[in-house]
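If you use the working numbering, the sequence shown corresponds to residues 2 to 431, in order. For glycine and all other residues, C-beta sits at the position ideal for the given N, C-alpha and C. Shown next, in structure tokens, is the structure this report addresses.
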Amino acid sequence: MSTKRVCIVVVGDVGRSPRMQNHAMSLAKHGFTVDIIGYAESQPRQELLDDNKINFHYMEDVPLFTEYVPRLMAYGLKVMWQACALLFALTVIQKPKLILVQNPPAVPAMAILCLYSAVRSCQIVVDWHNYGHSILSLGLGNDHFVVRIYKWCEMYFGKKGDSHLCVSKALQEDLQINHNIKAIHFPDRAPLHFKPIDLRSKHELLVKLSREYRCFSGETECSSAFTEENTDGNISLKPNRPILLISSTSWTEDEDISLFFSALEMYDNSIKEQREKLPSVICVITGKGPLKEHYAKTVSVMKFQHVKVCLPWLSAEDYPTLLASADLGVSLHTSSSGLDLPMKVVDMFGCGLPVLALNFNCIGELVDHGVNGYVFNNKEELNQQLQGLFKSFPKCPDLDHFRHSLKEFQNDRWESKWDEQVKPVFATDT
Numbered sequence: 002m003s004t005k006r007v008c009i010v011v012v013g014d015v016g017r018s019p020r021m022q023n024h025a026m027s028l029a030k031h032g033f034t035v036d037i038i039g040y041a042e043s044q045p046r047q048e049l050l051d052d053n054k055i056n057f058h059y060m061e062d063v064p065l066f067t068e069y070v071p072r073l074m075a076y077g078l079k080v081m082w083q084a085c086a087l088l089f090a091l092t093v094i095q096k097p098k099l100i101l102v103q104n105p106p107a108v109p110a111m112a113i114l115c116l117y118s119a120v121r122s123c124q125i126v127v128d129w130h131n132y133g134h135s136i137l138s139l140g141l142g143n144d145h146f147v148v149r150i151y152k153w154c155e156m157y158f159g160k161k162g163d164s165h166l167c168v169s170k171a172l173q174e175d176l177q178i179n180h181n182i183k184a185i186h187f188p189d190r191a192p193l194h195f196k197p198i199d200l201r202s203k204h205e206l207l208v209k210l211s212r213e214y215r216c217f218s219g220e221t222e223c224s225s226a227f228t229e230e231n232t233d234g235n236i237s238l239k240p241n242r243p244i245l246l247i248s249s250t251s252w253t254e255d256e257d258i259s260l261f262f263s264a265l266e267m268y269d270n271s272i273k274e275q276r277e278k279l280p281s282v283i284c285v286i287t288g289k290g291p292l293k294e295h296y297a298k299t300v301s302v303m304k305f306q307h308v309k310v311c312l313p314w315l316s317a318e319d320y321p322t323l324l325a326s327a328d329l330g331v332s333l334h335t336s337s338s339g340l341d342l343p344m345k346v347v348d349m350f351g352c353g354l355p356v357l358a359l360n361f362n363c364i365g366e367l368v369d370h371g372v373n374g375y376v377f378n379n380k381e382e383l384n385q386q387l388q389g390l391f392k393s394f395p396k397c398p399d400l401d402h403f404r405h406s407l408k409e410f411q412n413d414r415w416e417s418k419w420d421e422q423v424k425p426v427f428a429t430d431t
């Protein structure tokens, strides 16, 4: 056994688990050998792939059991499949000193890892992002017997972790008060590659995207809808450019994308009916998920005149650059438990991008209304905030104020906070 070896378990897509990728990078930089177990649906960041201290062990994808058996039976088969796949992956790695597991999902990972740690004498660190049973209840309801069984498994085996991390103060308090679990509050912070960029870098990305997505296109091959290269070789923003609005979503039930589209429709109608003199909008919504195809069809039938919606999938390298190129971010995350926080907002803040965020229980831990963005409760408020911010575009004094407020947040980075709060959890004798 190596005292400098850690196994990270993500019973999900590793490429769409940025917090766990950040953990892996921090561990590797401190000399740990890291084995990551998860699914290979999306490519992780290139810096992880290039690091010889980080090894990926991908599990076999779960078959679509729902095509052959009823939903409840399919869920049971899925859990059994994942349990076997995880057990197999654990047998092929070298024995770690510690296992860091992301929760959710808790089932079957927690039980399997408790068994493994008992046999192999290694410690478990649970990183609580949310409660898995609260996500399951969105589709089944709180009183469904499957949800009750899942909750029991999640909390029973979750308590057996040797150390615990969590993403919000609200979640920390709930774990302590309701489940007697003492967790370290370690909020997400943007890594250093999420940062403001210069105008030329913005221009290069926007021109690159224009070759694949027409909404980014300018009048020439060397221009975009937002930027242009002058005769002297300098880059400038177009004075009549549209707003670049961006949102990132996992296309799941806990994010109300229809609310966003309704607000954009109201904004578009205000321009069409000449009630307000407002700029056009190019709205980019990134991410993958089960409801993406449904909403893509919704967008295709919406009769926007002054709003264009683009649903690209960006590489891990292009995503932070696009965030830094945007005028405003929008978060539609509501949290199934009301206790977790949207990491997408953290990334936006790291890039100096102000955010409008849908209100829920603990969003105030991240978005300070009127300081680094606005919080909205419904489509009407979102529309009003968009119109208020951009009524004198490209002059936006409120956005300038928000960006200035974010400078303090940008000084508080993942790397330094991890060293301060999380590194001691992985301290070894050698």
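Open item on the list: Less than 8 Å between the C-beta atoms of residue 394 and residue 236, yes or no?
Closed with: Not a contact, by the Cβ cut-off of 8 Å.
Open item on the list: Please classify residue 305 as buried or exposed, where buried requires at least 16 other C-beta atoms within 10 Å of its C-beta.
Closed with: Buried.
TODO: Report yes if the C-beta distance between residue 303 and residue 189 is below 8 Å; otherwise report no.
DONE: No. Outside cutoff.
- [ ] Answer with buried or exposed for residue 40, where buried requires no fewer than 16 other C-beta atoms within 10 angstroms of its C-beta.
- [x] The residue in question, residue 40, is buried, as its Cβ has 16 or more Cβ neighbours within 10 Å.
TODO: Mind checking who residue 167 pairs with in its DSSP beta bridge?
DONE: 129 and 186.
TODO: Over the uninterrupted alpha helix (DSSP H) stretch that includes residue 144, give me the two end residues.
DONE: DSSP places residue 144 in no alpha helix (DSSP H); its state is neither H nor E.
Task: Test item: CB-CB of residue 378 and residue 360 under 8 Å - done: Yes.
TODO: Please confirm if the region 287-303 is in contact with the region 174-182, defined as three or more CB-CB distances below 8 Å between the two stretches.
DONE: Taking 8 Å as the limit for Cβ pairs, the verdict is that the region 174-182 does not touch the region 287-303.
Open item on the list: In whole angstroms, give me the CA-to-CA distance for residue 228 and residue 324.
Closed with: If I take the Cα positions, the gap works out to 16 Å.
- [ ] Starting from the Cα of residue 155, find the closest Cα among 308, 182, 168 and 310 and give me that residue.
- [x] Residue 155 has its Cα closest to that of 182, out of 308, 182, 168 and 310.
Open item on the list: For a cutoff of 8 Å on Cβ pairs, would you count residue 315 as touching chain D?
Closed with: Any reference to chain D falls outside this structure, which holds one protein chain only.
Open item on the list: Going by beta-carbon coordinates alone, are residue 257 and residue 337 separated by less than 8 Å?
Closed with: Taking 8 Å as the cut-off, the beta carbon of residue 257 is found no closer than this to the beta carbon of residue 337.
- [ ] Give, in chain order, every unbroken run of the beta strand (DSSP E) that is at least 3 residues long and sits entirely within the region 307-359.
- [x] Segments of the beta strand (DSSP E) lying fully in the region 307-359: 308-311, 329-332 and 356-359.
Open item on the list: Using 8 Å as the threshold, is the C-beta distance between residue 340 and residue 171 below it?
Closed with: Going by C-beta atoms, residue 340 is nearer than 8 Å to residue 171.
Task: The alpha helix (DSSP H) enclosing residue 201, as first and last residue numbers - done: Looking at the DSSP string, the run of the alpha helix (DSSP H) that includes residue 201 is 200-211.
Task: Of the residues 8, 312 and 44, the one placed nearest residue 213, counting alpha carbons only - done: If you compare the alpha carbons of 8, 312 and 44 with that of residue 213, the shortest gap goes to 312.
Open item on the list: Quick test of your reading: residue 388 and residue 271, contact by CB under 8 Å. State the CB separation rounded to the nearest angstrom.
Closed with: Contact flag correct, Cβ pair sits at about 6 Å.
Open item on the list: With a threshold of 7 Å on Cβ separation, who are the neighbours of residue 422 within its own chain once the five nearest residues in sequence on each side are excluded?
Closed with: Excluding five sequence positions before and after residue 422, the CB atoms of its chain that fall closer than 7 Å to its own CB belong to 185 and 187, given in chain order.
- [ ] Whole angstroms is fine: what's the gap from residue 29's alpha carbon to residue 52's?
- [x] Distance between the alpha carbons of residue 29 and residue 52 is about 8 Å.
- [ ] Within its chain, find whatever has a CB closer than 6 Å to the CB of residue 97; leave out the 5 residues flanking it on each side and keep chain order.
- [x] The residues are 6, 7, 8 and 123.
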